[in-house]
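**Q** First the structure, then my questions, so here it is.
Protein chains: 2
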Amino acid sequence: MTQKEAAKIDGRIVRGEATREKVLDAAERLFADVGFDGVSIRQIAQEAGVTLGMVGFHGGSKAELFDTIVERRVSVLSEERRKALAQLFAAPPDVPTLRDIMASYVHPYVGMASSGDPQWQAYTRLIAHLVSDERWYPRVKDHYDPVAREYLEAIVRIYPGIDRTRLASAFVMAVSSMLSIVASTVRISSLSDQRDRMALSELENVLIDFCSGGIASACHIVPQ
Amino acid sequence: MTQKEAAKIDGRIVRGEATREKVLDAAERLFADVGFDGVSIRQIAQEAGVTLGMVGFHGGSKAELFDTIVERRVSVLSEERRKALAQLFAAPPDVPTLRDIMASYVHPYVGMASSGDPQWQAYTRLIAHLVSDERWYPRVKDHYDPVAREYLEAIVRIYPGIDRTRLASAFVMAVSSMLSIVASTVRISSLSDQRDRMALSELENVLIDFCSGGIASACHIVPQ
DNA sequence: GTCTATATGTAGATAGAC
DNA sequence: GTCTATCTACATATAGAC
């Protein structure tokens, strides 16, 4: 019996899924605003429009709830990036530039943030909290590291003589600036009108120039 | 009557100052580890080795305590940066490079972090939390913005035709990467031995290359 | 699946003795 | 200046009725 058939038969299951999503979405928004410790489960319940018990039932403990929220976004983003990177190397005669590679890393993230989906916007703010959090950073790091390593190797393929230690450090710096600028831009634009969504798209080019130029400079490479 | 004379006459005043410092230092370390909401006043009291009432007496409310901790570092750092920037422009025939300017912004911060003072190390981790925090960021922003503006104007003086909007964005990106990389490096090295303190000094050059190269690239400038 | 009620602990802040 | 004791509110988590 498929899930869909089950949903047909028993209305409570679909209602349950809807409730679960309301809980996760509300928690994502609140965690994004004030971080893990700044939010109470009661606030999440109120934001989601459900009772306190429902948060525990669908989300488990507060920490489990947080983990769930992070994990459901990671795979989507990693998939986008892998596809973008593969596409760059798909046409053998054309060698992608460092800027191309960084653009393919940055663009999916900015794309999610500027898609208009308030949940993805919340997620970018949530992630920005995590990079300075000793408790959660190791976990998200494990999720994002595999793809980041693929990007480092792609850069090494183009610049075989590159200093790998410097490259790794510079890449972390680039990611930090991306997370921070997107989160703060989203934070500002989510308070105002449509016009500001353009700002993020324009900022994307500045960000990509900054990241690729910064890495090139840090690794003593002549971008070409 | 000077404070010192008062201290001589009444021993409680010096003891009180010492207690106050213990409270502020302990709070700084704990806020750095887990952020504002992750710490209880009781934990601060225990870390400082004082009673709960003492934290309230010397630190005021939790928010006031936090403000005090941030403010006592800002002036020191801003002073260092202003001195460094003025020195760059002190010898009129020599025009400082963009890299020189960014180095004079980054170096004081890295210097405090790598000085070995655990309180300055804690502060760098604390600041890293704030940039993604809606409640505190506006306040520290007000503290740091004046000096940042002086740096932007210094860069404009060297590159009069520069795109100021791009420059401002790129500068924020550079600062973000600095805050993040210093905090995470300090976090790692504070758990291990002296040898790792070298790492931050070496990383400083990579960071300065990254920031200046990134800004140059984002502003379509040819660094020279 | 959903709700109410509650068990159990901890939060920030302060009053009052010394 | 310092300590103890306590007020009031809110936290997480779950048991049990529906």
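Protein sequences, first through last, are from chains U and B. Counted from 1, the first sequence has number 167 at position 167 by this note's numbering; the numbering is strictly sequential. Counted from 1, the second sequence has number 1002 at position 2 by this note's numbering; the numbering is strictly sequential. Heads up, the beta-carbon is just placed ideally off N, CA and C, and yes, glycines get one too. Since this is a predicted model, take the numbers as computed values, not measurements.
#1: Classify B:P1096 as buried or exposed, calling it buried when 16 or more other Cβ atoms lie within 10 Å of its own Cβ.
#2: Please give me, in chain order, every unbroken run of the alpha helix (DSSP H) with length at least 4 that falls completely inside the stretch 159-221 of chain U.
#3: Can you pull the chain B residues whose beta carbon is under 8 Å from the beta carbon of U:H107, in chain order?
#4: Whole-angstrom Cβ separation of U:F31 and U:V39, contact assumed at under 8 Å?
#5: Could you have a look at B:Q1003 and say whether DSSP puts it in helix, strand or coil?
#6: Do the stretch 1093-1112 of chain B and the stretch 1197-1217 of chain B touch if we need at least three Cβ pairs shorter than 8 Å?
#7: Could you tell me how far apart the beta carbons of B:Y1109 and B:E1028 are, in whole angstroms, since I believe they sit closer than 8 Å?
#8: For the candidate residues B:I1221, B:V1206, B:H1220, whose alpha-carbon lies nearest to that of U:D217?
#9: Does any residue of chain U have a CB that is nearer than 8 Å to the CB of B:T1019?
#10: Looking at the structure shown, is U:P146 part of a helix, part of a strand, or coil, going by DSSP?
#11: Who are the near neighbours of U:L200 in its chain, counting only those whose CB is closer than 6 Å to its CB and skipping five residues on each side?
#12: At least one CB of chain U closer than 8 Å to the CB of B:I1158: is that the case?
#13: Which bits of chain U does B:E1134 rub up against, with CB to CB less than 8 Å?
#14: Determine the direct distance from the alpha carbon of B:K1062 to that of U:G111, and round the result to whole angstroms.
#15: Just reading off the alpha helix (DSSP H) that B:G1056 is part of, what are its end residues?
#16: If you draw a straight line from the alpha carbon of U:Y137 to that of B:V1034, how long is it in whole angstroms?
#17: Which residues mark the beginning and the end of the alpha helix (DSSP H) in which U:G111 is found?
#18: Have a look at B:D1094 and B:I1158 and give me their C-alpha separation to the nearest angstrom.
#19: Tell me whether the stretch 80-89 of chain U and the stretch 38-58 of chain U touch, counting them as touching only if at least three CB pairs, one residue from each stretch, are closer than 8 Å.
#20: Around the Cβ of U:I270, are there at least 16 other Cβ atoms within 10 angstroms (buried) or fewer (exposed)?
#21: Residues in its own chain within less than 6 Å of U:P223 by CB, not counting five upstream and five downstream?
#22: Got a sec: is the Cβ-Cβ distance from U:I181 to anything in chain B below 8 Å?
#23: Would a C-beta distance cut-off of 8 Å place U:S176 and B:S1176 closer than the cut-off?
#24: Any beta-carbon of chain U closer than 8 Å to the one on B:M1173?
#25: What do you reckon, are the CB atoms on U:R149 and U:C219 nearer than 8 Å?
#26: Leaving out five residues on either side along the sequence, give the residues of the same chain with a beta carbon under 7 Å from the beta carbon of U:A106.
#27: For U:A90, which three-state DSSP category applies?
#28: Which residues in the same chain as U:E5 place their Cβ atom closer than 6 Å to its Cβ, once the five residues preceding and following it in sequence are excluded?
#29: If you count every other CB in all the chains shown that lies within 10 Å of the CB of U:S75, and 16 or more means buried, which is it?
**A** Walking through what the data contain:
#1: buried
#2: 164-189, 195-218
#3: Those do not exist, as U:H107 stays about 16 Å from chain B at its closest Cβ, beyond 8 Å.
#4: That pair is a contact at about 6 Å.
#5: Because B:Q1003 sits at a pLDDT of 41, beneath the cut-off of 50, its placement in the model cannot be relied upon, and the point is left open.
#6: yes
#7: With a Cβ gap of about 16 Å, B:Y1109 and B:E1028 do not count as contacting.
#8: What sits at residue 217 of chain U in the sequence shown is Ser, not Asp. Considering only alpha carbons, the answer is B:V1206.
#9: It does not; no Cβ of chain U falls within 8 Å.
#10: U:P146: helix per DSSP, three-state reduction.
#11: So the list reads S114, T185, once near-sequence residues are dropped.
#12: no
#13: Residues of chain U passing the Cβ test: D33, V34, R187.
#14: 39 Å
#15: 1052-1059
#16: 12 Å
#17: 98-113
#18: 11 Å
#19: Here the stretch 80-89 of chain U does not lie against the stretch 38-58 of chain U, with fewer than 3 beta-carbon pairs under 8 Å apart.
#20: Because residue 270 of chain U is not part of the residues shown, which for chain U are 1 to 224, the question remains open.
#21: Cβ neighbours of U:P223 beyond the five flanking positions: L98, A216.
#22: yes
#23: Annotated as proximal: U:S176 and B:S1176, with beta-carbon spacing under 8 Å.
#24: yes
#25: No; because the gap between Cβ atoms is not below 8 Å, this pair is not in contact.
#26: Before going on, a small fix: residue 106 of chain U reads as Val here, not Ala. Within the same chain, U:V106 has close Cβ partners M178, E204, L207, I208, C211.
#27: coil
#28: Per-residue confidence for U:E5 stands at a pLDDT of 40, beneath the threshold of 50, marking its modelled position as unreliable; no derived number is given.
#29: exposed
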